[in-house]
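Novice: I am attaching a structure below and will ask some questions about it afterwards.
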DNA sequence: TCCCGTTGCAACCTTTGCTGTTACGACTGC
DNA sequence: GCAGTCGTAACAGCAAAGGTTGCAACGGGA
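Protein chains in written order, with the numbering used here: chain A, 1 to 144; chain H, 1001 to 1144.
Below you can see the structure in the form of structure tokens.
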């Protein structure tokens, strides 16, 4: 599976903004977050843009601009973040339509479709159990 | 997520071989399976090679060669197939190591690591609940 | 009114992984 | 020896993600 770091990076950004705000700052810049994540500010802006569309963060422009949380970390779950940054399904069907004249080729897609739906529902449920507050607590609990 | 059709294709191939054997045939060829899946025989051989390494199928060479199941479909689960064809973890960490001098950059990877492990364990449990026999039954149950 | 720092966004390149394709050697029953 | 199939390497094509550059838009302050 082409492993995807978008969820990790989004959680990183949210935890960073949340911690920064608790330290008394109003907004965080993509530059600061990019430094922490060791990547490019544009990558952060793109990702935070998706989170903004999902209502998780807000952005201000002009002087003293930057990003702030739209909700408390306690009320954000990894499922919210996952849905904001991961569009497609977990498992894909065939690239090309199987032979519809073959019994297996005809029935395989509806069969796997149904199975995958149940599995993804369970995945969503698991993701919904973890709040960004949990994430930040785990981050701060890392032993030095 | 770069959606991955390997699990779907592997399930297709196993269901095809299983059904073919129940119809009284000894072995199935990669050519036949490729026709059903509407792809290239080499793609099928590569994938079945991974399933062979996992002990799910066997192959014979020479005249009258082909593939056969190494176990009954009832004793194979989607987890067996998943582990055979999907090497990496479901969610990836950052591409580049985050800033270890930053509290969040330092703690984010162990934090997400622990969270992801729990989620993947649940995913494995779900995959283990579905046997290839279930898959074949669903395939044959597709309405014409 | 101008300046400055930041977001918003488009365009492009590079890398990576999967898939498709061709080619050919290895094997085995006849 | 022949024919049919696997086993595998090599390469091209394609798509997605990430990285990079460039620049317009915004808005508070001087």
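Note that CB positions come from ideal geometry on N, CA and C, so glycine has one too.
Computed from a prediction, not measured in an experiment: that's the story for all the values here.
Assign residue 64 of chain A to one of three DSSP states: helix, strand, or coil.
Specialist: coil
Novice: In the DSSP assignment, what residue or residues form a beta bridge with residue 131 of chain A?
Specialist: Residue pairing of residue 131 of chain A in beta bridges, as defined by DSSP: A:77.
Novice: Once the 5 residues before and after residue 1001 of chain H are set aside, which same chain residues still bring their CB inside 6 Å of it?
Specialist: Note that residue 1001 of chain H has pLDDT 37, beneath the 50 cutoff, so the model's placement of it is unreliable and the number below is only indicative. Cβ within range, chain order: n/a, list empty.
Novice: Quick one: using the 10 Å Cβ neighbour count with 16 as the cut-off for buried, is residue 30 of chain A buried or exposed?
Specialist: buried
Novice: Roughly how many angstroms lie between the CA atoms of residue 11 of chain A and residue 132 of chain A, to the nearest whole one?
Specialist: 7 Å
Novice: Give a yes or no on whether 8 Å exceeds the smallest Cβ distance from residue 1095 of chain H to chain A.
Specialist: yes
Novice: Closer than 8 Å, CB to CB, is residue 16 of chain A near chain H or not?
Specialist: With 8 Å as the cut-off, residue 16 of chain A counts as an interface residue toward chain H.
Novice: When you compare the CB of residue 1005 of chain H with every CB in chain A, is at least one pair closer than 8 Å?
Specialist: yes
Novice: Should residue 74 of chain A and residue 1122 of chain H be called a contact, given that it needs their Cβ atoms to be closer than 8 Å?
Specialist: Taking C-beta atoms as the reference points, residue 74 of chain A and residue 1122 of chain H fail to come closer than 8 Å.
Novice: With three or more C-beta pairs closer than 8 Å as the rule, is the region 1091-1110 of chain H touching the region 134-142 of chain A?
Specialist: yes
Novice: Less than 8 Å between CB atoms is the rule here; does residue 1105 of chain H satisfy it with respect to chain A?
Specialist: yes
Novice: Restricting to Cα atoms, I'd like to know which of A:115, A:89, A:113 and A:119 is closest to residue 4 of chain A.
Specialist: A:89
Novice: Let's see if you can read the secondary structure: which residues bound the alpha helix (DSSP H) around residue 1034 of chain H?
Specialist: 1030-1037
Novice: Leaving out the 5 sequence neighbours to the left and right, which residues in its chain are closer than 6 Å to residue 1083 of chain H when beta-carbon positions are compared?
Specialist: none
Novice: When you compare the region 1086-1100 of chain H with the region 1036-1048 of chain H, are there three or more beta-carbon pairs, one atom per stretch, that lie closer than 8 Å?
Specialist: no
Novice: Classify residue 32 of chain A as buried or exposed, calling it buried when 16 or more other Cβ atoms lie within 10 Å of its own Cβ.
Specialist: buried
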